[in-house]
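Trainee: Take the sequence shown: its letters are residues -14 to 263, numbered as in our numbering.
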Amino acid sequence: RTPVIRTALIGDGIGPSLTPPLHEREGGELGLDYTYERVDLSGQDGVDLGAVLEDLEARGFAAANVTHPYKQRVLAHVDETSEEVRRIGSANLILLGGRRVAHNTDCTGFRAGLESFLGTRPRGRVLQVGAGGAGLATAYSLLGMGFAEVVIHDLDPAAADALVDRYASVSGDSRLRSSGGGLDRLLGEVDGVVHVTPVGMAEHPGTAFAPEDLAAGAWVSEVVYRPLETELLRRAAAAGHPVLDGGLMAVGQAADSIALITGREPDRERMLAHFLEL
Ligand code: NAD
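1. Under 6 Å, CB to any heavy atom of ligand 1. Which residues pass, going along the chain?
2. I think A235 touches L80, with their Cβ atoms under 8 Å apart; what is that distance to the nearest whole Å?
3. Could you pull out every residue in the same chain whose Cβ sits closer than 7 Å to the Cβ of D139, ignoring the five residues on either side in sequence?
4. If you drop the 5 nearest sequence neighbours on each side, which residues of the same chain put their C-beta closer than 7 Å to that of F194?
5. What span of residues does the alpha helix (DSSP H) with A97 cover, start to end?
6. Have a look at G237, L257, H8 and I(-5) and flag the residue whose alpha-carbon is nearest the alpha-carbon of R34.
7. Mapping DSSP to helix, strand and coil, what is S242?
8. Can the beta-carbon of V149 be found closer than 8 Å to that of L112?
9. My guess is that F102 and L229 are in contact by the Cβ rule of under 8 Å, so how many angstroms apart are they, rounded?
10. Could you pull the start and end residues of the beta strand (DSSP E) that L199 belongs to?
11. Three or more C-beta pairs closer than 8 Å, one from the segment 33 to 52 and one from the segment 199 to 208: is that the case here?
12. Taking the Cβ atom as the reference point for each residue, do E78 and A48 lie within a distance shorter than 8 Å?
13. Note the first and the last residue of the continuous beta strand (DSSP E) segment covering D18.
14. What are the complete alpha helix (DSSP H) segments, minimum 4 residues, inside the segment 141 to 194?
15. On the CB-based measure, 16 or more other CB atoms within 10 Å of its CB, does M186 come out buried or exposed?
16. For E11, does the three-state DSSP call read helix, strand or coil?
17. Among the candidates V184, A143, G82 and L121, whose CA atom is the shortest distance from the CA of S164?
18. Measuring alpha carbon to alpha carbon, tell me which residue in V155, D30, G120 and D141 is nearest G131.
19. Grouping DSSP H, G and I as helix and E and B as strand, with all else coil, what is V236?
20. What is the DSSP secondary structure of H259, counted as helix, strand or coil?
21. Nearest CA to the CA of P54: which residue from E68, Q29, S67 and F46?
22. In this structure, what does DSSP give as the bridge partners for S75?
23. If you draw a straight line from the C-alpha of V(-11) to the C-alpha of T215, how long is it?
Have a look at this one:
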């Protein structure tokens, strides 16, 4: 008999999340007895995350993904952290049962998706728009991918500056810098843009910048995945720019989580096909 692998997602308002069906279907495809439960903590005051993890451990859970607003707070309750977690300062996966080990598969999942999209395109100058929680993970990935220059822009210049300060010692030189608030000239000067703000979701319609202002051939990578085709991607594609939607990152974080939890390599193509059906 295959042992049951019990996993969970901890967060607020996670009812609509596509991660549970993604995990369960792929676990089944791998021949595992794999369950993935939602632990929705919304509306609870003074959540004791340590107690939530202890409860899951007592019930035999192997791991928990962690999402908004607990990705940073959860670090106070783990025994070990991966290199990415230490640098980024947040985690989205905790392996349980014995020592609790924190990982950040948003970072590794984003990177895998962007690498496959870029192929042999040069890793030149990239602009990242958005310096919030997800932006910390994507910027760390961009630095690890060897871009010659990574420029960070945010509506809130202090957020961009804080991100740059955090990673100053990773880039070790002037590869990472803040936009200083100005986008107009930058857009015509970069090889690609990573968009990491909520703009483009139903609650935040519009675009954070005009893709028509990009230089010919510049690519656009989007992290928003609901909807999969944002206004940004639609307009960028119409203007002839290569585009990558947020689906590969969403699938990548789930696939990397499954690999860490089970020690088995999930089929990423199969997971992407499933994701597109959901
Ligand atoms: P956040 O609220 O922590 O940060 C958003 C940042 O964007 C803030 O710093 C804000 O000042 C900035 N911003 C907002 N509007 C802007 C604009 N018009 N121009 C420039 N900057 C602007 O949010 P987050 O956790 O970083 O998440 C951002 C988005 O990333 C989410 O909405 C979600 O769709 C997406 N996301 C996708 C995945 C995935 O797997 N594909 C994973 C995580 C997050």
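Each residue gets a CB set at the ideal place from its N, CA and C atoms; glycine is no exception.
Note that the coordinates shown come from a computational prediction; the quantities given were computed from them, not determined experimentally.
Mentor: Once the coordinates are examined:
1. D91, V114, G115, A116, G117, G118, A119, G120, D139, L140, D141, A144, V181, T182, P183, V184, M186, A193, V208, V209, Y210, G231, M234, A235 and Q238
2. Contact doesn't hold; Cβ gap of about 21 Å is too wide.
3. G115, A116 and A145
4. V114, L168 and L172
5. T90 to L103
6. For the record, residue 34 in the displayed sequence is Leu; it is not Arg. Of the listed residues, the one whose Cα sits closest to L34 is I(-5).
7. helix
8. no
9. 4 Å
10. L199 -> no beta strand (DSSP E), and no H or E assigned at all.
11. no
12. What sits at residue 78 in the sequence shown is Leu, not Glu. For L78 and A48, yes; Cβs fall inside 8 Å.
13. D18 to D25
14. 142 to 156 and 169 to 172
15. exposed
16. helix
17. A143
18. V155
19. helix
20. helix
21. Q29
22. In DSSP, S75 forms no bridge with anything.
23. 38 Å
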